[in-house]
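Take a look at the structure set out below.
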Ligand code: DC
């Protein structure tokens, strides 16, 4: 329905998908669903309880008791785990290093995919992640896939970490992104969406504002086409 659509933005680490999705959601008056943040919360909660990715029973129990809230704010999203603000903790490099192993667990994916669909079912949602277009919202009204070259993605992620007061070396960030690209490419679940109806956007030479404006314009012009 026009004005109440589900919009998906999939992309690799550092492609700018989450920031673009947050700003686009603000502009459209939609909610932003950052699904990477949900996987990160699971990894953080599990590591706090010393649960490993292959501890299926313990993970199941952890998920049943998990209280996650995603709040949209103008500057950034706030992520609450069991009443505590973990927005910064879930972005720490040590969580980035382990999150993929938790996101690979079917028990985690099934649980989070259901939660994500629950958020999107009323429309008015911009959801970002890896498998939004292919698995979570195959009937989404607009599907975008953002790509950018690895140097640009590493530069963006490095700047983002520093701006959050998290110390990081550029070369280490690039190495982590390279490793996670390889991990991402060889996953059984949560593969980067590739559907016939996805619009691929290469953002290597664009600022975040340009990315948001371009996607926004595509949505508005498509809405006008539908109306006429
Ligand atoms: O986008 P991100 O770096 O915040 O994602 C964190 C991790 O979660 C990353 O290993 C990929 C995984 N992920 C996923 O498997 N499926 C999603 N829909 C979103 C993220």
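Numbering (the numbering used here), first residue to last: 2 to 229.
We treat Cβ as the ideally placed atom computed from N, Cα and C, and that holds for glycine.
**Study point:** Between the CA atoms of residue 11 and residue 131 - distance to the nearest angstrom
**Key:** Counted from its first residue, the chain shown places residue 131 at position 130. Counted from its first residue, the chain shown places residue 11 at position 10. About 5 Å.
Exercise for review: Put residue 144 into one of helix, strand or coil per three-state DSSP.
Suggested key: For the purposes of this step, residue 144 is identified with residue 143 of the chain shown, where counting begins at 1. It is a strand residue.
Review point. For the beta strand (DSSP E) that contains residue 82, what are its first and last residues?
Key: On the chain shown, position 81 is the one that residue 82 refers to. Boundaries of the beta strand (DSSP E) harbouring residue 82: 78-82, taken from the DSSP string.
Practice item. Check whether the Cβ atoms of residue 24 and residue 202 sit closer than 8 Å, and answer yes or no. Key: Counting from one through the chain shown, the residue named residue 24 turns up at place 23. Counting from one through the chain shown, the residue named residue 202 turns up at place 201. For residue 24 and residue 202, no; Cβs fall outside 8 Å.
Practice item. Would you kindly work out how many angstroms separate the C-alpha atoms of residue 95 and residue 69, rounded to a whole number? Key: To locate residue 95, count along the chain shown from 1; it is residue 94. To locate residue 69, count along the chain shown from 1; it is residue 68. The alpha-carbon atoms of residue 95 and residue 69 are separated by roughly 20 Å.
Practice item. Using alpha carbons as the reference points, say which of 102, 91 and 125 lies closest to residue 189. Key: For the purposes of this step, residue 189 is taken as the residue at position 188 of the chain shown. That would be 102, whose Cα lies nearest to the Cα of residue 189.
Review point. The beta strand (DSSP E) spanning residue 73 covers which residue range?
Key: On the chain shown, position 72 is the one that residue 73 refers to. 69-73 is the extent of the beta strand (DSSP E) around residue 73.
Review point. So, are the CB atoms of residue 60 and residue 90 less than 8 Å apart?
Key: Numbered from 1 along the chain shown, position 59 holds the residue referred to as residue 60. Numbered from 1 along the chain shown, position 89 holds the residue referred to as residue 90. Their beta carbons are not under 8 Å apart, which means residue 60 does not touch residue 90 by this criterion.
**Study point:** Where the alpha helix (DSSP H) through residue 216 begins and ends
**Key:** Position 215 of the chain shown holds residue 216. First-last of the alpha helix (DSSP H) with residue 216: 209-228.
Point to revise | Minimum C-alpha distance to residue 14 - residue among 168, 55 and 97 | key: Residue mapping note: residue 14 aligns to position 13 of the chain shown, counting from 1. The residue from 168, 55 and 97 with its alpha-carbon nearest to that of residue 14 is 97.
Check your understanding: Is the closest heavy atom of ligand 3 to the C-beta of residue 47 under 7 Å?
Key -> For the structure depicted, ligand 3 is absent and the ligand set comprises only ligand 1.
Review point. Where residue 137 and residue 118 are concerned, what is the direct C-alpha to C-alpha distance, given to the nearest angstrom?
Key: Along the chain shown, read from residue 1 onward, the residue named residue 137 stands at position 136. Along the chain shown, read from residue 1 onward, the residue named residue 118 stands at position 117. If I take the Cα positions, the gap works out to 6 Å.
Point to revise | Residues near residue 84 by beta carbon distance below 8 Å, same chain, minus five either side | key: Translated into positions along the chain shown, residue 84 becomes position 83. 68, listed in sequence order.
**Study point:** Bridge partner(s) assigned by DSSP for residue 202
**Key:** Here residue 202 refers to the residue found at position 201 of the chain shown. Looking at the DSSP assignment, residue 202 forms a beta bridge with 147.
Review point. Any heavy atom of ligand 1 closer than 7 Å to the CB of residue 78?
Key: Your numbering for residue 78 matches position 77 in the chain shown. Every heavy atom of ligand 1 is 7 Å or more from the Cβ of residue 78, so no.
Exercise for review: Can you have a look at residue 165 and say buried or exposed, based on whether 16 or more other CB atoms are within 10 angstroms of its CB?
Suggested key: Position 164 of the chain shown, counting from 1, holds the residue named residue 165. With fewer than 16 Cβ atoms within 10 Å of its Cβ, residue 165 is classed as exposed.
Practice item. Could you tell me if residue 39 is buried or exposed, where buried requires 16 or more neighbouring beta carbons within 10 angstroms of its beta carbon? Key: Counted from its first residue, the chain shown places residue 39 at position 38. Counting Cβ neighbours within 10 Å, residue 39 comes out buried, since at least 16 surround it.
**Study point:** Span separating the alpha-carbon of residue 49 from that of residue 43
**Key:** In the chain shown, counting from the first residue as 1, residue 49 sits at position 48. In the chain shown, counting from the first residue as 1, residue 43 sits at position 42. Their backbone Cα atoms lie some 10 Å apart in a straight line.
Point to revise | Option nearest residue 177 by Cα separation, candidates 195, 193 and 158 | key: For the purposes of this step, residue 177 is identified with residue 176 of the chain shown, where counting begins at 1. Answer by Cα proximity: 158.
Check your understanding: Should residue 36 be listed as close to ligand 1, given that the test is whether its C-beta is under 7 Å from any heavy atom?
Key -> As a first step, residue 36 is located in the chain shown; it is residue number 35 there, counting from the start. Checking every heavy atom of ligand 1 against the Cβ of residue 36, one is found closer than 7 Å.
Practice item. Using only the heavy atoms of ligand 1, determine whether one of them is closer than 7 Å to the beta carbon of residue 142. Key: Residue 142 sits at position 141 when you count from the first residue of the chain shown. The answer is no for residue 142.
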